[in-house]
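Below is one structure, written out as structure tokens; comments come after it.
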Amino acid sequence: MKGLTDWRIDFHSQPFIEDHLQEMSQSIFKKRKMSGFFNPVIYSLSVMITLLSLILGLAGVISMTLFGCMFFFQIITATILSRTISHSNMHAEKLKKEFRGYHYILDKISRQQFKSPKLNSLHDELFNSDNSSSKAFGELSGILNMFDQRNSEFSFILLNGLFLYDIYVTRRFNRWITRYLPHIGTWWSA
């Protein structure tokens, strides 16, 4: 880093970031207990039956009543589970807020070429692995965008009635937690 004086000055001039990310991620990881419609088989069956009843109803093979019942059932299910879904959204927002502080620094590090084998190894660990910090941040941003897309009543009814969208997004966030939270300590120490 001897020849990177400007880079080091810029890097050290960034505001201090407190390390709440690790402890927050551990508390989120411990709190999540999902069952029922968060089970992939139950979720998939409900969505498939709803969509199949829509297709068969439109084709005139069965009455649209089955589709109407499944559509209504899925909206009720999403409404009943809205508290759990809101907690997931809140945790995702908190993680994103914590990640914002790291994002600028990670972006600067990702674009920098280092000469030291040790720094190159840490760089690869942060950015070139399957569980890289930049990939995790991108996926978390995508999940938050998905949570935001359901904010109108029309989208809530349509997306949950057809696809149980809120449960899908919550399940996706839970997969993100399972995949990336164990690596946060490694990213921080790097």
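Here my numbering is used: the first residue of the sequence shown is 62, the next is one more, and so on.
No residue lacks a Cβ here, since even glycine has one placed at the ideal position from N, Cα and C.
Since residue i and residue j should fall inside the 8 angstroms C-beta cutoff, what is the C-beta to C-beta distance between them, to a whole number of angstroms?
i	j	result
Phe188	Phe160	Not a contact, Cβ separation roughly 15 angstroms.
Leu205	Lys157	6 angstroms
Ile228	Phe99	6 angstroms
Relative to the alpha-carbon of residue i, which residue among the options has its alpha-carbon at the smallest distance?
i	options	result
Phe215	Asn206, Tyr226, Leu205	Tyr226
Asn191	Met125, Trp237, Val122, Ile110	Here residue 191 turns out to be Asp, not Asn, going by the sequence shown. The shortest Cα separation from Asp191 among Met125, Trp237, Val122, Ile110 belongs to Trp237.
Gly222	Ile123, Gly121, Met109, Met131	Met131
Leu201	Ile218, Asn150, Asp168	Asn150
Ile136	Gly121, Thr111, Ala153	Thr111
Leu167	Lys155, Ala153, Glu186, Lys176	Glu186
Phe217	Glu154, Ala153, His152, Ser143	Ser143
Arg240	Thr126, Arg172, Lys196	Lys196
Trp248	Val230, Asn100, Asn235, Ser182	Ser182
Tyr104	Ser177, Met125, Ala139, Val122	Ala139
Ser171	Pro101, Asn212, Ser193, Asp67	Ser193
Take residue i and list the residues in its own chain whose beta-carbon comes closer than 6 angstroms to its own, dropping the five residues that flank it on each side.
i	result
Tyr163	none
Phe128	Ser114, Leu115, Gly118
Arg233	Ile204
Taking DSSP as the reference, what is the three-state secondary structure of residue i?
i	result
Gln135	helix
Lys176	coil
Asp191	coil
Arg211	coil
Ser171	helix
Leu106	helix
Leu115	helix
Starting from the C-beta of residue i, find all residues in its chain whose C-beta is less than 7 angstroms away, skip the five residues before and the five after it, and write them out in chain order.
i	result
Phe224	Val108
Val230	Ile204, Met207, Phe208
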